[in-house]
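Sequential numbering from 1 applies to the sequence shown in the working numbering. Even glycine gets a Cβ: it sits at the ideal position worked out from N, Cα and C.
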Amino acid sequence: MLSYRHGFHAGNFADVLKHVVLVEVLDYLKRKPKPLAYIDTHAGAGSYDLGSAFAQKKREFDTGIGRLWGGDPGPVARYLECVRTVNPDGKLAHYPGSPAIARALLDGDDRLVLFERHGNEATALREWAAGEARVTVREEDGYGGCIGLLPPASRRGVLLMDPSYELASDDDRVVRTLAAAHRRFATGVYLLWYPVVRRARAQALIAALCATGIRRIERHELGIAADSEGFGMTASGMVVINPPHVLAGRMAEILPWLAARLSKNQDAHYVSETLVGE
Ligand SMILES: C[S@@+](CC[C@H](N)C(=O)[O-])C[C@H]1O[C@@H](n2cnc3c(N)ncnc32)[C@H](O)[C@@H]1O
């Protein structure tokens with residue numbers, strides 16, 4: 001029985017990095033007025049009430065979005081505008097999940113397909129998406145389900161893969177699914193979130209992805225503390241396949257800015273690198 005609920009973690013430092021990269025990618029692709037497909041293989045509940053018992057348990061948002069809200073928006077103004085769409089009166093009461101971030105940036109011609117396997121989260125997601133013809137919620141396995149959607153009819157698409165990594169088998173499924181997806185739709189943009197709890201696991205995942213033969217892979221990672229063998233996430237990153245050419249330059253500006261705000265710890269660190277070239 002899997003127990004992960006994203007509501008415990010919504011708006012934490014890892015969500016900030018993940019959603020900043022998502023905003024950068026979608027915003028860039030929307031410069032071209034052509035329909036886009038957005039596929040979220042692990043969508044969560046859509047949006048999160050920061051006053052809920054889940055969010056209040058450890059108040060992880062305090063050291064994530066809470067450190068950015070109401071201050072100088074710096075290079076993440078567009079991301080903060082997306083967070084504002086669920087907090088129209090300016091008080092930080094909700095946090096948008098990846099579906100809400102995507103919905104805020106996409107238009108009526110775009111299509112969103114959201115996979116969520118957990119029954120409670122899928123119910124919340126369906127309620128969140130109710131009445132939106134452009135959004136489809138599928139309560140099923142996102143690894144298996146996404147392949148049949150590729151390539152999208154629009155031939156332009158972004159796929160976000162954001163597993164909870166509760167199962168040891170998640171890493172292998174991530175790599176096999178991205179390889180299969182890329183074989184069907186080689187020009188798509190693929191975003192993979194990874195946590196650093198134990199550095200060796202993150203390194204093995206990235207190495208396996210690089211060994212698939214897929215070209216044009218970047219990663220952008222932000223850590224709030226030094227690597228540790230103890231319990232807890234010290235860093236997280238986004239692997240991006242077929243990144244917009246402007247992404248590395250944007251992240252070179254954003255990562256030090258975020259690191260200075262999201263960590264009070266001298267061990268804050270960030271990495272922005274090309275893993276596999278053209
Ligand atoms: C990290 S959370 C997603 C957060 C969301 N992407 C966001 O940024 O707001 C991962 C979600 O994946 C769901 N999940 C786990 N395994 C899955 C699978 N095989 N297919 C689809 N969803 C899955 C979990 O129930 C959980 O809600």
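Counting C-beta pairs closer than 8 Å gives three or more between the stretch 20–28 and the stretch 246–257, which meets the contact rule. By the CB criterion at 8 Å, G108 and G157 fall outside the cutoff. Every unbroken stretch of the beta strand (DSSP E) spanning 3 or more residues and falling wholly within the stretch 160–211 is given here in chain order: 189–196. At least one heavy atom of ligand 1 falls within 7 Å of the beta-carbon of H118.
With fewer than 16 other CB atoms across the displayed protein chains lying within 10 angstroms of its CB, D72 is exposed.
For V135, no alpha helix (DSSP H) run applies; the uninterrupted beta strand (DSSP E) run containing it begins and ends at V135 to R138, by DSSP. Between V113 and R138, the CB-CB gap stays under 8 Å. If you draw a straight line from the Cα of Y28 to the Cα of Y4, it is about 32 Å long. A straight line joining the alpha-carbon of T136 with that of G44 spans about 14 Å. Going by C-alpha positions, K58 is about 21 Å away from V86.
With contact defined as three or more Cβ pairs closer than 8 Å, the stretch 35–43 and the stretch 147–161 are in contact. Separation of V196 and S228 (C-alpha to C-alpha, rounded to the nearest whole angstrom) is 9 Å. Annotation for E60 indicates a beta carbon at 7 Å or more from all heavy atoms of ligand 1. For the stretch 42–71, the full-length alpha helix (DSSP H) segments reaching 4 residues or more read 53–58 along the chain. C-alpha of H19 to C-alpha of P75: approximately 13 Å in a straight line. In this chain, the beta strand (DSSP E) harbouring P96 covers H94 to P96. For Y4, the shortest C-beta to heavy atom distance toward ligand 1 is below 7 Å. Excluding sequence positions up to five before and after E278, its CB lies within less than 8 Å of the CB of R215 and R216, all in the same chain and listed in chain order. Contact check for A235 against G223 passes: the beta carbons are separated by less than 8 Å. A Cβ-Cβ distance of about 6 Å is found for the pair S47 and H94, placing them in contact under the 8 Å criterion.
In this structure F115 touches G145 by the C-beta definition: roughly 5 Å separates them, less than 8 Å. Looking at the DSSP output, A235 sits in a beta bridge with V196 and G223. From the listed residues R201, G131 and L50, the smallest Cα separation to P96 is found for L50. For P35 against D110, the beta-carbon gap comes to about 6 Å, under 8 Å, which counts as contact. Linking C82 to K30 through their CA atoms gives a straight-line distance of about 15 Å.
The alpha-carbon separation between S263 and G237 amounts to approximately 15 Å.
Minimum Cα-Cα distance from Y194 among the listed residues R219, G70, E140 and F61 corresponds to R219. If you draw a straight line from the Cα of Y270 to the Cα of G232, it is about 18 Å long.
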